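Take a look at the structure set out below.
Number of protein chains: 2
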Amino acid sequence: MQESQINMNRLLTPPPAETHHAASAGPKIDCSTCLVGRICLPASLTSTATDCQMVQRRIKIVRGDHLYQLGEPVGDRFYAVRYGSFKTYHLDPGGLQRIVGFHISGDHMALDTMGLTNHRCGAIALEDSEVCEISYDCLHARREALIPLQRHFYTMLSKEIAREQDAALLLRNTRAEQRLTAFLLGISLRYAARGYSSTSFRLHMSRQDIADFLGLTPESVSRLLFGLKSQGLLEVSGRAVTVLDAAGLQRLAGGYVSPPPADEAETRQPQLATAHAA
Amino acid sequence: MQESQINMNRLLTPPPAETHHAASAGPKIDCSTCLVGRICLPASLTSTATDCQMVQRRIKIVRGDHLYQLGEPVGDRFYAVRYGSFKTYHLDPGGLQRIVGFHISGDHMALDTMGLTNHRCGAIALEDSEVCEISYDCLHARREALIPLQRHFYTMLSKEIAREQDAALLLRNTRAEQRLTAFLLGISLRYAARGYSSTSFRLHMSRQDIADFLGLTPESVSRLLFGLKSQGLLEVSGRAVTVLDAAGLQRLAGGYVSPPPADEAETRQPQLATAHAA
DNA sequence: CGGCCAATTGAGGATCGTCAAAGTACGTGG
DNA sequence: CCACGTACTTTGACGATCCTCAATTGGCCG
Chain R
1 MQESQINMNR LLTPPPAETH HAASAGPKID CSTCLVGRIC LPASLTSTAT
51 DCQMVQRRIK IVRGDHLYQL GEPVGDRFYA VRYGSFKTYH LDPGGLQRIV
101 GFHISGDHMA LDTMGLTNHR CGAIALEDSE VCEISYDCLH ARREALIPLQ
151 RHFYTMLSKE IAREQDAALL LRNTRAEQRL TAFLLGISLR YAARGYSSTS
201 FRLHMSRQDI ADFLGLTPES VSRLLFGLKS QGLLEVSGRA VTVLDAAGLQ
251 RLAGGYVSPP PADEAETRQP QLATAHAA
Chain Y
1 MQESQINMNR LLTPPPAETH HAASAGPKID CSTCLVGRIC LPASLTSTAT
51 DCQMVQRRIK IVRGDHLYQL GEPVGDRFYA VRYGSFKTYH LDPGGLQRIV
101 GFHISGDHMA LDTMGLTNHR CGAIALEDSE VCEISYDCLH ARREALIPLQ
151 RHFYTMLSKE IAREQDAALL LRNTRAEQRL TAFLLGISLR YAARGYSSTS
201 FRLHMSRQDI ADFLGLTPES VSRLLFGLKS QGLLEVSGRA VTVLDAAGLQ
251 RLAGGYVSPP PADEAETRQP QLATAHAA
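Sequence lines, in order, name chains R and Y.
The first sequence begins at 1 in full-length UniProt numbering and counts up one residue at a time.
The second sequence begins at 1 in full-length UniProt numbering and counts up one residue at a time.
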């Protein structure tokens, strides 16, 4: 966590009503007087938020600095942007930084970490900014007191978000062949995790559905499958698929898997590999 | 909700241990004997799940039938696939069905509806399948008793998922120009919602970041911006943007917006259009 | 003023979509 | 059991989109 007091590049950032000039842990932070309160929180909840000290402190981040690092342990908190803007990113399988999204005032960040132990994304300030740090404690008596079932529920939600992020990552950064390969490998892995054969399975969806999911056309899917067949990587007959060379497919997929298995993909270690520019 | 007793296309679906042949609301459903229990739930939680009657009933769905419809009101429940497979879809701005994802045994569905009132996606069985219906009630004493702050928190998470889904939708189905336009309009809308000018603003991120986020190259972004400029739709100078013809941009974006504003995109009414089966 | 990074511009080419048609699987009905 | 119709899948030719590579311009900071 970084803080600072310098401020520049303030084209769109009106000076906040009253700013504490460091990570301020003042007695009580009043959400009802916050200029972005109506975006960040329903009006009916601002007084509640103030009462239970939802915002524990405000943090200033200098342009270019991290609010939180990728892989960093998650504290029991998330953030709301008070002013300024951020980008969040994660690393693709090649270890390159890839944008997940942009966040401006009123937006929330690190919501996807609720059920995780480490940050999946890093957050960098695009300009000098300030965020409100919000603790989960105000939402539950105490996080440690969460019943395991609830905890698991949160984890599921976080992974749902992670799944969508990974799907978007794949769509943004890969070519058709790589995308399809990653898709097939994903299916294979998921079946394997459930005790089915990972090398011989049936695609229950149509080519149209696969194409749609991968941002392609059915014709392309068909041609690409033929291509993989020609390379001796798999056997395809209609919807029946047999993986012949899993390692070869892995190589083609280049570390991507889509969609990730439902519950078995823990915080993955981004391993460095061949780097290719955008 | 549909149920049936016929079963076919069972290439990958071993007969579940003991199957109730309709939507069965038997006294207690035992998760510890379920074959997918280890995928769907941590082993340490299966007995807890059984005790608090987490799974209220099991539902059979015939191939091609909906588990839930798009736009349908959300009951306080979500689903786990017991066997079979599903696709989830939503409609693009043109009203066409677009795949969100595929789900096989052990996967969860409708998790993204926790904080919503209506289903954002429809779910269709790709083969004869069975799901476990799980109530939120086991996670909290009673959903109605949720404190407003918690409710809002859930809503935020759901919208986070929705945001990611929409981003993926955009990436899959649009061309570069449409994508960039949708991006700019999204920025504009978000600024407007925060009281800033929606017609004149500054892009705080680099062209590289924009390109990365949209699955393009910086060169393309640059060219496309020039194109929009040539069409008289906006004025660009470095990172400063002035929208000249918002209506024209809307037309180009074709109903897409990326990313959706943080909190103002409520449950959209899906208009029925061409439907095509699995 | 000079250096560095970001942004632009240009030329060429690979990828993948579009359109059209033929082939195949599957379920239905005779 | 076989014929038929429908929907899905494959195959082919062509073209647009967008990436790649390279060089130039512009802006910001020391």
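Positions of the beta carbon are idealized from the N, C-alpha and C atoms, including for glycine.
None of the values given here were measured: they were computed from a predicted structure.
Test: residue i CB closer than 8 Å to a CB of chain Y
i: Asn-7(R); result: The predicted model places Asn-7(R) with a pLDDT of 34, which falls under 50 and marks its position as unreliable; any figure quoted below should be read in that light. Chain Y, which has no Cβ nearer than 8 Å to the Cβ of Asn-7(R), makes this no.
i: Arg-82(R); result: no
i: Leu-189(R); result: no
i: Asp-112(R); result: yes
i: Leu-233(R); result: no
i: Phe-213(R); result: yes
i: Ile-29(R); result: no
i: Ile-99(R); result: yes
i: His-90(R); result: no
i: Glu-133(R); result: no
Residue i (DSSP reduced to helix, strand or coil)
i: Glu-133(Y); result: strand
i: Ala-80(Y); result: strand
i: Ile-61(Y); result: strand
i: Ile-210(Y); result: helix
i: Val-257(Y); result: coil
i: His-119(R); result: coil
i: Leu-224(R); result: helix
i: Thr-50(Y); result: helix
i: Pro-42(Y); result: coil
i: Met-109(Y); result: strand
i: residue 285(R); result: Outside the displayed range of chain R (1 to 278) lies residue 285(R), so it cannot be described from this structure.
i: Ile-29(Y); result: coil
i: Met-156(Y); result: helix
i: Arg-175(Y); result: coil
Bridge partners - residue i, DSSP secondary structure assignment
i: Gln-97(R); result: Leu-91(R)
i: Thr-242(Y); result: Ser-200(Y), Glu-235(Y)
i: His-66(R); result: Ile-124(R)
i: Val-55(R); result: Ile-134(R)
i: Pro-73(Y); result: Asn-118(Y)
i: Ser-230(Y); result: Beta-bridge pairing links Ser-230(Y) to no other residue.
i: Ile-161(Y); result: In the DSSP output, where bridge partners are listed per residue, Ile-161(Y) has none listed.
Chain R contact for residue i (CB, 8 Å cutoff)
i: Phe-226(Y); result: no
i: Ser-105(Y); result: yes
i: Lys-87(Y); result: yes
i: Leu-67(Y); result: no
i: His-119(Y); result: no
i: Leu-126(Y); result: yes
i: Pro-93(Y); result: no
i: Ala-193(Y); result: yes
i: Asp-209(Y); result: yes
**Prompt:** Three or more beta-carbon pairs under 8 Å between the stretch 49 to 69 of chain Y and the stretch 153 to 173 of chain Y, yes or no?
**Reply:** no
**Message:** Please list, in chain order, the residues of the stretch 165 to 185 of chain R that have any C-beta partner in chain Y closer than 8 Å.
**Reply:** Gln-165, Ala-167, Ala-168, Leu-171, Arg-172, Asn-173
**Prompt:** Quick check: the stretch 85 to 99 of chain Y against the stretch 117 to 127 of chain Y, are there 3 or more CB pairs under 8 Å?
**Reply:** yes
**Message:** Check whether the stretch 219 to 234 of chain R and the stretch 176 to 187 of chain R are in contact - that is, three or more C-beta pairs closer than 8 Å.
**Reply:** yes
**Asked** Mind listing which residues of the stretch 148 to 161 of chain R have their C-beta closer than 7 Å to chain Y's C-betas, in chain order?
**Response** So the close ones are Pro-148, Leu-149, Gln-150, His-152, Phe-153, Met-156, Leu-157, Glu-160, Ile-161.
**Request:** For the stretch 37 to 55 of chain Y, enumerate the residues whose C-beta is nearer than 8 Å to any C-beta of chain R, in chain order.
**Result:** Ile-39, Cys-40, Leu-41, Pro-42, Ser-44, Leu-45, Thr-48, Ala-49, Cys-52, Met-54
**Message:** Check whether the stretch 202 to 211 of chain R and the stretch 202 to 210 of chain Y touch, using three or more Cβ-Cβ pairs below 8 Å as the test.
**Reply:** no
**Request:** Give a yes or no on contact between the stretch 107 to 123 of chain Y and the stretch 63 to 77 of chain Y, applying the rule of three or more CB pairs nearer than 8 Å.
**Result:** yes
**Request:** Assess, as a yes-or-no matter, whether the stretch 210 to 217 of chain R is touched by the stretch 96 to 115 of chain Y under the definition of 3 or more beta carbon pairs within less than 8 Å.
**Result:** Counting C-beta pairs closer than 8 Å gives three or more between the stretch 96 to 115 of chain Y and the stretch 210 to 217 of chain R, which meets the contact rule.
**Prompt:** For the 8 Å Cβ check, are there 3 or more pairs between the stretch 182 to 192 of chain R and the stretch 233 to 249 of chain R?
**Reply:** yes
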